[in-house]
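Peer 1:
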Amino acid sequence: MNTSTPRTPLVPSESFTARMSDGAEIAVRRHGNSSKPRLIISHGNGFAIDGYRVFWEPLLDKYDVVLFDMRNHGQNAPTGADGHNYKQMAADLGTVRDAVAKQWGEKTTVGVFHSMTARAAMKQAVENGWIWDALVLFDPPSVPPRGHPVYELMRGFELRLVEFSANRPDTFASVDALADAYREARASSSWVPQAADDMAQSVLRQLPDGTMKLVCQPELEAAIYLAALTLDLWPAASAFGGPVKLIGADPEAKKSPTARANQALAQEQGYLYEAVSGTGHLLQIEKPEESRAAMLSFLTDLGIF
264 MNTSTPRTPL VPSESFTARM SDGAEIAVRR HGNSSKPRLI ISHGNGFAID GYRVFWEPLL
324 DKYDVVLFDM RNHGQNAPTG ADGHNYKQMA ADLGTVRDAV AKQWGEKTTV GVFHSMTARA
384 AMKQAVENGW IWDALVLFDP PSVPPRGHPV YELMRGFELR LVEFSANRPD TFASVDALAD
444 AYREARASSS WVPQAADDMA QSVLRQLPDG TMKLVCQPEL EAAIYLAALT LDLWPAASAF
504 GGPVKLIGAD PEAKKSPTAR ANQALAQEQG YLYEAVSGTG HLLQIEKPEE SRAAMLSFLT
564 DLGIF
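Counting in this note's numbering, the sequence shown runs from 264 upward without gaps.
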């Protein structure tokens with residue numbers, strides 16, 4: 264049963280539509296304090312950034328917060344399978360960053376990304392060039408090379424997600440129905456209560472008959488999980504060209520494959536790293552205060568405040 268109240272979406276102070284290199288359009292929204300350093304924030308596979316509101320809303324007094332959903336997610340019009348891949352998504356991050364600077368001016372800019380978007384940011388930074396003043400990567404689904412002790416754990420994890428997402432229901436009677444499903448599912452039962460409502464509101468679009476449909480098609484979600492296994496992306500922190508912090512789920516408390524993988528990545532490849540105790544993969548909406556603290560300590564040390 265729904266135990267919290269859906270919230271009125273926050274109205275951005277400014278917004279615009281950015282056009283990607285293949286013509287896809289992404290809605291970009293600005294909140295917070297425009298006189299402060301800029302945080303550009305996005306989400307994980309199958310989700311939407313407004314669903315992370317419990318994480319980013321308390322940052323609005325201290326930062327110029329720019330939010331956007333990745334293609335085929337959230338507030339963006341569906342564009343189908345063309346371009347729904349990590350190569351294009353990595354390019355999209357660069358396009359969004361440049362479009363934001365053109366629209367609202369150059370300033371200190373930090374990329375704050377979770378899961379799928381964090382992996383896209385890794386690919387963008389090491390293959391296309393450094394474009395940030397700092398990067399904060401929340402629990403990217405880092406898949407090590409074959410033969411690595413954690414490889415089979417991550418392979419099994421991604422394949423389970425492929426099966427789950429490809430077979431999940433994509434229509435719901437109401438936003439409350441999906442919010443209740445989040446609360447009842449083991450994978451999302453640790454979210455703070457409000458996050459279930461926020462996420463359900465942000466990932467559904469109403470159909471003409473009144474039912475609600477997932478914005479991101481399950482088949483597209485499944486394709487991204489499968490693609491994680493072929494990225495060949497286990498880079499050294501020194502390959503980024505600027506400061507980066509890896510903030511992971513707890514490798515002990517939840518036995519999370521992504522947590523174990525990021526712990527290994529950090530140890531082997533020289534990352535500044537912190538795990539948020541008692542969390543799984545959606546750490547920003549399981550323990551938002553602790554997740555913000557892990558990020559803000561890094562930014563403070565860099566003088567970005």
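For each residue, glycine too, the CB sits at the ideal point set by N, CA and C. Quantities reported herein were computed from a predicted structural model and do not represent experimental measurements.
Give the secondary structure of Ile-510 by DSSP, where H, G and I count as helix, E and B as strand, and everything else as coil.
Peer 2: The sequence position of residue 510 within the sequence shown is 247, counting from 1. Reduced to three states, the DSSP call for Ile-510 is strand.
Peer 1: Whole angstroms is fine: what's the gap from Pro-471's alpha carbon to Ala-290's?
Peer 2: Working through the sequence shown from its first residue, we reach residue 471 at position 208. Working through the sequence shown from its first residue, we reach residue 290 at position 27. Approximately 23 angstroms between the Cα atoms of the pair.
Peer 1: With DSSP as the reference, label Met-385 as helix, strand or coil.
Peer 2: The residue labelled residue 385 in the question sits at position 122 within the sequence shown. Residue state, collapsed to three classes: helix.
Peer 1: Can you give the Cα-Cα distance for Trp-395 and Leu-424, rounded to whole angstroms?
Peer 2: By 1-based counting over the sequence shown, the position of residue 395 is 132. By 1-based counting over the sequence shown, the position of residue 424 is 161. Rounded to the nearest angstrom, the two C-alpha atoms are 31 angstroms apart.
Peer 1: With DSSP collapsed to three states, give me the class of Gly-505.
Peer 2: Position 242 of the sequence shown, counted from the first residue, corresponds to residue 505. Looking at Gly-505 - three-state DSSP - the assignment turns out to be coil, as it is neither helix nor strand.
Peer 1: By Cβ distance below 7 angstroms, which residues in the same chain neighbour Ser-465 in space, the five residues on each side in sequence not counted?
Peer 2: Within the sequence shown, the letter at position 202 stands for residue 465. Here the set comprises Ala-311, Asp-313, Gly-314 and Gly-337.
Peer 1: Can you find at least 3 beta carbon pairs, one from the stretch 405-416 and one from the stretch 448-456, that sit closer than 8 angstroms?
Peer 2: Flag = no, the stretch 405-416 and the stretch 448-456 do not touch.
Peer 1: Going by CA-CA distance only, name the one from Ala-458, Ala-486 and Arg-292 that's closest to Val-363.
Peer 2: Along the sequence shown, one-based indexing puts residue 363 at 100. It is Arg-292.
Peer 1: Give me whichever residues DSSP pairs with Leu-398 in a beta bridge.
Peer 2: For the purposes of this step, residue 398 is taken as the residue at position 135 of the sequence shown. Its beta-bridge partners are Gly-374 and Val-507.
Peer 1: Give me the Cβ distance between Ala-556 and Ser-405, rounded to the nearest whole Å; I'm assuming they're in contact under 8 angstroms.
Peer 2: By 1-based counting over the sequence shown, the position of residue 556 is 293. By 1-based counting over the sequence shown, the position of residue 405 is 142. Their Cβ separation, rounded to whole angstroms, is 22 angstroms, which puts Ala-556 and Ser-405 out of contact at 8 angstroms.
Peer 1: Say whether the stretch 503-511 touches the stretch 558-568, bearing in mind that this needs 3 or more beta-carbon pairs closer than 8 angstroms, one atom from each stretch.
Peer 2: Verdict: yes, contact present.
Peer 1: Suppose you measure from the CA of Gly-342 to the CA of Met-283; what does that come to, to the nearest Å?
Peer 2: On the sequence shown, residue 342 is found 79 positions in, with the first residue counted as 1. On the sequence shown, residue 283 is found 20 positions in, with the first residue counted as 1. The amino acid at residue 342 is misidentified as Gly; the sequence shows Thr. Cα-Cα distance, rounded: 11 angstroms.
Peer 1: Under the three-state reduction of DSSP, which class applies to Gly-615: helix, strand or coil?
Peer 2: Summary: the structure shown does not reach residue 615, with the chain confined to residues 264 through 568, and so no result is reported for it.
Peer 1: Do the stretch 318-325 and the stretch 386-393 make contact, defined as three or more Cβ pairs closer than 8 angstroms?
Peer 2: Contact between the stretch 318-325 and the stretch 386-393 is absent, because fewer than three Cβ pairs lie under 8 angstroms.
Peer 1: Find the nearest neighbour of Ser-299 within the set Ala-440, Ala-512 and Val-373, judged by alpha-carbon distance.
Peer 2: Position 36 of the sequence shown holds residue 299. It should be noted that the sequence gives Lys, not Ser, for residue 299. The shortest C-alpha separation from Lys-299 is found at Val-373.
Peer 1: Would Leu-528 and Ala-397 be called neighbours here (beta carbons separated by less than 8 angstroms)?
Peer 2: Position 265 of the sequence shown, counting from 1, holds the residue named residue 528. Position 134 of the sequence shown, counting from 1, holds the residue named residue 397. Taking 8 angstroms as the Cβ cut-off, Leu-528 and Ala-397 do not qualify as a contacting pair.
Peer 1: Helix, strand or coil for Val-329 per DSSP?
Peer 2: Working through the sequence shown from its first residue, we reach residue 329 at position 66. If DSSP states are grouped into helix, strand and coil, Val-329 belongs with the strands.
Peer 1: Whole angstroms is fine: what's the gap from Tyr-488's alpha carbon to Lys-350's?
Peer 2: For the purposes of this step, residue 488 is taken as residue 225 along the sequence shown, with counting starting at 1. For the purposes of this step, residue 350 is taken as residue 87 along the sequence shown, with counting starting at 1. Rounded to whole angstroms, Tyr-488 to Lys-350 spans 14 angstroms at the Cα level.
Peer 1: Out of Leu-483, Glu-552, Leu-322 and Arg-431, point me to the one whose CA is closest to Asn-348's CA.
Peer 2: Counting from 1 along the sequence shown, the entry for residue 348 is found at position 85. Taking only the C-alpha atoms, the option nearest Asn-348 is Leu-483.
Peer 1: How would you call Asp-570, buried or exposed, if buried means at least 16 neighbouring beta carbons within 10 angstroms?
Peer 2: The question about residue 570 has no answer here: the residues shown for the chain are numbered 264 through 568.
Peer 1: Look at the Cβ atom of Val-328, then the Cβ atom of His-294, and state whether they are nearer than 8 angstroms.
Peer 2: Working through the sequence shown from its first residue, we reach residue 328 at position 65. Working through the sequence shown from its first residue, we reach residue 294 at position 31. Contact: yes.
Peer 1: Per DSSP, Gly-295 is paired with what?
Peer 2: Start at 1 with the first residue of the sequence shown, and residue 295 comes out as number 32. Asp-327, per the DSSP bridge assignment.
Peer 1: Measuring only the C-alpha atoms, how far is Gly-286 from Thr-358?
Peer 2: Here residue 286 corresponds to residue number 23 of the sequence shown, with the count starting at 1. Here residue 358 corresponds to residue number 95 of the sequence shown, with the count starting at 1. If you take the alpha carbons of Gly-286 and Thr-358, they lie about 11 angstroms apart.
Peer 1: May I ask you to report which of helix, strand or coil DSSP gives Phe-435?
Peer 2: As a working note, residue 435 is residue 172 in the sequence shown. Here Phe-435 sits in strand by DSSP.
Peer 1: From Trp-393 to Arg-382, what distance separates their C-alpha atoms?
Peer 2: Counting from 1 along the sequence shown, the entry for residue 393 is found at position 130. Counting from 1 along the sequence shown, the entry for residue 382 is found at position 119. Cα to Cα, the separation comes out at about 14 angstroms.
Peer 1: Nearest to Ser-540 by alpha carbon, out of Pro-520, Pro-514 and Gln-530?
Peer 2: Taking the sequence shown and counting its residues from 1, the one referred to as residue 540 is at position 277. Of Pro-520, Pro-514 and Gln-530, the residue nearest in Cα terms is Pro-514.
Peer 1: With a Cβ-Cβ cutoff of 8 angstroms, do Ile-304 and Asp-402 count as a contact?
Peer 2: In the sequence shown, residue 304 corresponds to position 41, counting from 1. In the sequence shown, residue 402 corresponds to position 139, counting from 1. Not closer than 8 angstroms, so no.
Peer 1: Could you pull out every residue in the same chain whose Cβ sits closer than 8 angstroms to the Cβ of Ala-354, ignoring the five residues on either side in sequence?
Peer 2: The count along the sequence shown starts at 1 and reaches residue 354 at position 91. Met-283, Ser-284, Gln-387 and Asn-391, listed in sequence order.
Peer 1: Return the CA-CA distance between Ala-384 and Asp-443, expressed in angstroms with no decimal places.
Peer 2: Working through the sequence shown from its first residue, we reach residue 384 at position 121. Working through the sequence shown from its first residue, we reach residue 443 at position 180. Approximately 32 angstroms, taken between the alpha carbons.
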